[in-house]
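In our numbering, the protein residues as written are -14 to 53.
Beneath this line is the structure, given in structure tokens, with notes to follow.
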Amino acid sequence: MLKQLRSYYTPGTRVMLLKMNDPYTKLQPGAKGTVTSVDDIGTIHVSWDSGGSLGVAFGEDLCKKIEE
């Protein structure tokens, strides 16, 4: 599964946030950003257009690849 995530979400891939299970983030569904990496536990690290970076946790949060 990790190999598939890394091949699908390569650095530079644009994504849109669909759901984030983090009560402390200001990110909302629809936020867009650029993938920087996928770590060894499957977290998709994203540099968000609104500023800052925050990982999308595999199995908890949800994002989708977008074409722009």
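Glycine included, each C-beta is placed from N, C-alpha and C at the ideal position.
These figures come from a predicted structure and were not determined experimentally.
Limits of the alpha helix (DSSP H) - the one that residue i falls within
{"i": "Lys(-12)", "result": "Leu(-13) to Tyr(-7)"}
Separation of residue j from residue i, as counted between CA atoms
{"i": "Phe43", "j": "Val0", "result": "14 Å"}
Option nearest residue i by Cα separation, candidates the options
{"i": "Ser35", "options": "Lys49, Cys48, Ile29 and Gly18", "result": "Gly18"}
{"i": "Lys11", "options": "Lys49, Glu53 and Ser38", "result": "Ser38"}
{"i": "Ile51", "options": "Leu(-13), Ala16, Met(-14) and Tyr9", "result": "Ala16"}
Extent of the continuous beta strand (DSSP E) run through residue i
{"i": "Thr19", "result": "Lys17 to Val23"}
{"i": "Met1", "result": "Arg(-1) to Lys4"}
{"i": "Lys11", "result": "Run containing Lys11: none; DSSP gives neither H nor E here."}
{"i": "Ile26", "result": "Where Ile26 is concerned, there is no enclosing beta strand (DSSP E), given that its DSSP letter is neither H nor E."}
* Between the segment -13 to -5 and the segment 3 to 11, do at least 3 Cβ pairs fall closer than 8 Å? -> no
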